[in-house]
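Undergrad:
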Amino acid sequence: MQNTIKSLANGLKNKEFSSVELTTDYLNFINKSDLNAFITITDELAISQAKAADQNIANNSFNILTGMPYAHKDIFCTKGVKTSAGSKMLDNFISPYNATVSDKLDNSGAVMLGKTNLDEFAMGSSNENSYYGAVKNPWNLNKTPGGSSGGSAAAVAGELSVFATGTDTGGSIRQPSSLCGITGIKPTYGLVSRYGMIAYASSFDQAGVMTKTAEDSAILLNLIAGFDEKDSTSVNRNNEDYLKTINDSIQGLTIGLPKEFFSDGLDDKVANKIMLAVKEFESMGLKVKDISLPHSNYAIPSYYIIASCECSSNLLRLDGVRYGHRCQDPKDLQDLYLRSRSEGFGDEVKRRIMVGTYALSAGYYDAYYLKAQKARRLISDDFQKAFQSVDVIMGPVSPTTAFDLASIHDSASMYLSDIYTLSVNLAGLPAMSVPAGFSQNLPVGLQLIGNHWSEAKLLNIAHKFQEQTNFHNQTPAKI
Ligand code: GLN
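Residue numbers (the working numbering): 572 to 1050.
1. Among ASP787, ASP906, ILE990, which residue has its Cα nearest to the Cα of GLY741?
2. Rank ALA870, SER884, SER911, ASP890 by C-alpha distance to the C-alpha of CYS898 and give the top, closest one.
3. At a cut-off of 7 Å, would you count LEU611 as near the ligand GLN, judging by its Cβ distance to the nearest heavy atom?
4. Using the three-state DSSP reduction, which class does ALA617 fall into: helix, strand or coil?
5. What distance in whole Å lies between the Cβ atoms of MET965 and LEU1029, which are believed to be in contact at a cut-off of 8 Å?
6. Verify whether the separation of the beta carbon atoms of THR754 and ALA1033 is less than 8 Å.
7. Note the first and the last residue of the continuous beta strand (DSSP E) segment covering HIS980.
8. Return yes when the C-beta of ASP981 is under 7 Å from any heavy atom of the ligand GLN, and no when it is not.
9. Please state whether the Cβ-Cβ distance between SER879 and ARG923 is less than 8 Å.
10. Please go through the stretch 894 to 919 and give each complete alpha helix (DSSP H) segment of 4 or more residues, from N-terminal end onward.
11. Indicate, with yes or no, if the ligand GLN has a heavy atom lying under 7 Å from the CB of MET1003.
12. What's the gap between the Cα of SER619 and the Cα of SER673?
13. Looking at the ligand GLN, does it come within less than 7 Å of ASP989, judged from the CB to the closest heavy atom?
14. By Cβ distance, which residues of its chain are closer than 6 Å to ILE665, with the 5 residues on each side in sequence left out?
15. Expressed to the nearest angstrom, what Euclidean distance is found between the alpha-carbon atoms of GLN1037 and LEU857?
16. Quick one: which unbroken alpha helix (DSSP H) runs of 4-plus residues sit fully inside the stretch 990 to 1030? Chain order, please.
17. Would DSSP call LYS956 helix, strand or coil?
18. Under the assumption that PRO747 contacts VAL682 (Cβ atoms under 8 Å), give the Cβ distance between them as a whole number of angstroms.
19. Restricting to Cα atoms, I'd like to know which of VAL780, PHE600, GLU1026, ASN581 is closest to LEU814.
20. Going by C-alpha to C-alpha distance, which of ASP776, SER658, HIS1043 sits closest to THR804?
21. Taking the beta carbon of HIS980 as the centre, do at least 16 other beta carbons fall within 10 Å, making it buried, or is it exposed?
22. Can you tell me whether ASP900 is buried or exposed, with buried defined as 16 or more other CB within 10 angstroms of its CB?
23. Quick one: what does DSSP say TYR641 is sitting in, helix, strand or coil?
24. By how many angstroms is the C-alpha of LEU750 removed from the C-alpha of PRO1014?
25. How big is the Cα-Cα spacing for LYS584 and ALA726?
26. Using 8 Å as the threshold, is the C-beta distance between ILE790 and ILE612 below it?
27. For a test of the three-state rule: what should DSSP assign to LYS650, helix, strand or coil?
28. I need the DSSP call for LYS1035, collapsed to helix, strand or coil.
29. Quick one: does the C-beta of ASP645 sit closer than 7 Å to a heavy atom of the ligand GLN?
30. Am I right that GLY680 and LEU636 are in contact with their C-beta atoms under 8 Å? What's the rounded C-beta distance?
31. May I have the straight-line CA-CA distance separating TYR597 from ALA938, to the nearest angstrom?
32. Using the C-alpha atoms, what's the distance from LYS757 back to ALA629?
33. Considering just the uninterrupted stretch of the beta strand (DSSP E) at ALA735, what are its terminal residues?
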């Protein structure tokens, strides 16, 4: 049996097994695993949540997520549980409150197995920037699972959890989903509350989910989407039912293939799998149109300028005074700030704070930050133009399959792995990664990009593809 939310919920409802049994199994898998997918395992909490869920199921008061074990990215605040954001800075931080997403999961009766590993403050594409060490890709232990939600992706692909949460600032849900062969959705900016999600780059950060199937993603999006008055960037619009249209016919839709997403840097074998997936859609009655997103080249520089500027401001609050790491025996206030921050942050975080502070300083602001914002608008306009003639844009998520751990040493090369994901965040659009094949036993993810608020359509398209294909059902050999 495939361990999806849908299938396991039936087992729980029909009392084939209890949530305590299911949760115990998963906790055992996690304890035996050497993927390093978790920073904190919340076993006692999980068992008590599972017991409560079993009680509710016995009393006939439950929903599809009641008793369902999941893994929570360690960037969502969880009341009473360590929330580290992958940083030494927050190694001692026990959150006094829940993120809205955490609250919604708690209220649904889902069972939190633990908090997953990530690049420090979600900055990275390989999970190697974590204070808690790199995560391994369950398909090949010498490879990265991608980042920054590497722990979440490895947990779902490696059968350590039924589903996981993620956040996507520049690709952190889609790229690890692609590299680990699972389904992930990054919603439209503003659809899911950012309240209690430790901020990296506030104008990009968006919460989403990582699952085995598009149907499971729809179930979870129904739970976590929606207006939240505690997040001023959350958008007040009517809630949708993402399951309602998941079986709709997709015949006659037009796919746009941007030529910039199939350029030189793309691995031939990855390109080949993406084109086979597009052919599959053609055989399902979709039309294909070549399009151009002419400002795509500016995505990497503008994203890395704006995100660094925003992070330099967001991370100011971590000063060793209010909470977080504090150095030993500071001799004065200046020394306290300097040493606490120097000791608490890792290299990549420091690099971005420095780049951001520089780019925002008087005299450089116009040349860098303002310029990058102008490029951001052009990139966004390219998409709006494209969506006048196509329903969905398709392409690769990542230019390669999972790369070797410790193989990329300079930040600029690492930034190249985000080449196909960043423009989506610059434009605030929804996008998915859907398993689309394998190259040398490593998964390849197909990216689906839609216009704002088109999550229902993306999930519908992904679900129809998963009805025709079997890639999402593949699981790595247990190691
Ligand atoms: N890899 C990108 C970065 O390092 C995106 C990370 C993310 O989406 N959180 O900023």
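Every residue gets a Cβ at the ideal spot worked out from N, C-alpha and C, and that includes glycine. Model, not experiment: these values are computed from the prediction.
TA: According to the structure shown:
1. ILE990
2. SER911
3. Note that residue 611 is Thr in the sequence shown here, rather than Leu. Answer for THR611: no, Cβ out of range of the ligand GLN.
4. helix
5. Not quite, the Cβ-Cβ distance comes to about 11 Å (not below 8 Å), so this is no contact.
6. yes
7. Segment: none, HIS980 is in no beta strand (DSSP E) and carries neither H nor E.
8. no
9. yes
10. 904 to 915
11. no
12. 16 Å
13. yes
14. LYS653
15. 15 Å
16. 993 to 997
17. helix
18. Going by Cβ atoms, the distance from PRO747 to VAL682 rounds to 22 Å, so no, they are not a contact pair.
19. GLU1026
20. ASP776
21. exposed
22. exposed
23. strand
24. 6 Å
25. 24 Å
26. no
27. coil
28. helix
29. no
30. 6 Å
31. 51 Å
32. 35 Å
33. 734 to 738
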